Amino acid sequence: MSRKVTKAIFPVAGLGTRFLPATKSIPKEIMTLVDRPLIQYAIDEARAAGIEEFIFVTSRGKGALEDYFDHAHELESNLKKAGKNDLLEILRGTNMDSGAIAYIRQHKALGLGHAVWCARRLVGDEPFAVILTDDVILGEPPCLQQMIEAYQETGGSMVATMEVSPERTKSYGVLDVAEDMGAIVRARGMVEKPKENPPSNLAVIGRYILAPTVMTNLNKLKQGSGGEIQLTDAIADEIEEGRDVFGLRFRGQRFDCGSKAGFLQATVAFGLARDELKDEFADYLADVLSMRRAAE
Ligand code: G1P
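Here you go:
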C-alpha cells in the first residue's frame, strides 16, 4: 500500500448555528481570523503537507465557499494596473489549480462519519486526509505535515491528539492507549464523546490520515454517539479488525474555532503573530487589561 497522501476531505456542511446571526448569510468557514478565512488556513496546511486534491463536502447555502476559490481576474488586473504587487501576491496565493477542487453535497446532516463517506468515490482505494476547519492549529511545521511525516514511519491510520482536562473529554473522540511511545501512541480503542469513564484524557483533534478501509467501515452507516454516524466509530472498527491506529501528539497550539471563546482566542493569537500588527495590538491588549484591573 502506497503511503503517499494526495487527497484531503474538508467536511464543511455544518450549519454553524453557534455563530448566528453571522452564519445566516455566510458559511462559518468564511469567517476570518485577522484577514484570512478559516478555510484558507486549512487549505494552506493541506498544501504544505503535499495535498493535491481538495474535496469539500458541502450543503445548501455554501455557495460563498465555492465562489471564494474562483480566480478573481478583474481584481487581479486592477491590482496589477495599480502596481499593488504585495496585494496581488496575497490574492494569487489563494488561487487553486483547475480540477484540484471537488464539491460533494451531503444531503442530510447525519454526522461527521456520513460527511466523510459522501466523498468515498473520489477517494477510491488510497489513504486520505481529513481536516476539520473548526480546529485551527498554529504549528511549525503545520500539524498535517507533522502527521504525514509520522505516518511515513507507522502506516495504518493516524489522528492528531492532545491532552485535555478530564471534564472536557466528553466533548471529543478519546483514545484508549495500548502503547505510549512519546509523541506517537498506539490506540487499542477510540470512543466518541464518552459520557463517563473516558479511557484516557487524550482527545482527538480534527486532523486525520485514514486508510481506505475506514471508508469500507463507514459503509455500514451505523449510528453512534448523538444518533449520528461517527468517524470515530469507523476508525475504532479498524482496530477491532486488527489494523493499526495511532495518535500523534502534535507540536503546536490548537484553537477551537467552533466556539466563540476559541474563535476570539485565535483572533488574538493570530493578530499577535503578525509583524505588521503585533506592536499596536499588544499595546492595546495591555491597556485593556490594566483598565480592567484598575476597575476591579
Ligand atoms: C468532532 C469529532 C470528535 C473530535 C472533534 C475535534 O467532533 O467527532 O471526535 O474530537 O471533532 O474537534 P465535533 O467537535 O465536530 O462535535
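For the sequence shown, the positions run 4 to 299 when this note's numbering is used. By construction, the Cβ of each residue, glycine as well, lies at the ideal position given by its N, Cα and C atoms. This structure is a prediction, so every number in the text was calculated from the model and none was measured.
query: The beta strand (DSSP E) spanning LYS281 covers which residue range?; result: Careful: LYS281 lies outside any beta strand (DSSP E), inside the alpha helix (DSSP H) at 278-298.
query: Could you tell me which uninterrupted alpha helix (DSSP H) segments, each at least 4 residues in length, are contained entirely in the segment 8-59, listed from first to last along the chain?; result: 41-51
query: Only counting the same chain, and skipping five residues up and downstream in sequence, which positions put a Cβ closer than 7 Å to that of ARG254?; result: GLY142, GLN149
query: Check for me: the beta strand (DSSP E) holding THR164 runs from which residue to which?; result: 160-166
query: Judging by CA-CA distance, which residue of ARG171, GLN226, TYR175, PRO169 is the nearest neighbour of ALA163?; result: TYR175
query: Can you confirm whether the segment 147-161 touches the segment 245-265 when touching is taken to mean that 3 or more C-beta pairs between the two stretches lie within less than 8 Å?; result: yes
query: Taking only the alpha-carbon atoms, compute the straight-line gap between VAL306 and ASP137 and give it to the nearest angstrom.; result: Residue numbering for the chain in the displayed model covers 4 to 299; residue 306 lies beyond these limits and cannot be assessed.
query: Can you tell me which of the three DSSP states PHE253 falls into?; result: coil
query: Assess contact between the segment 75-84 and the segment 188-201, defined as three or more Cβ pairs (one per stretch) separated by less than 8 Å. Is contact present?; result: no
query: Consider the Cβ of GLU156: report whether some Cβ of chain B lies at a distance smaller than 8 Å.; result: Among the chains in the structure shown there is no chain B, since it carries only a single protein chain.
query: Who are the Cβ neighbours of ILE140 in its own chain at under 6 Å, not counting the five residues just before and after it?; result: CYS146, GLY255, ARG257
query: Looking at ILE232 and HIS117, is the spacing between their C-beta atoms short of 8 Å?; result: yes
query: Rounded to the nearest angstrom, how far is the Cβ of LEU224 from that of LEU205, given a contact under 8 Å?; result: Actually they are not in contact, since the Cβ atoms of LEU224 and LEU205 sit about 27 Å apart, beyond 8 Å.
query: From GLU170, ILE42, ASP100, CYS121, pick the residue whose C-alpha is nearest to that of HIS110; which is it?; result: CYS121
query: So what's GLU241 in DSSP terms, helix, strand or just coil?; result: helix
query: Taking its Cβ as the centre, do 16 or more other Cβ atoms sit within 10 Å of ILE93, making it buried, or is it exposed?; result: exposed
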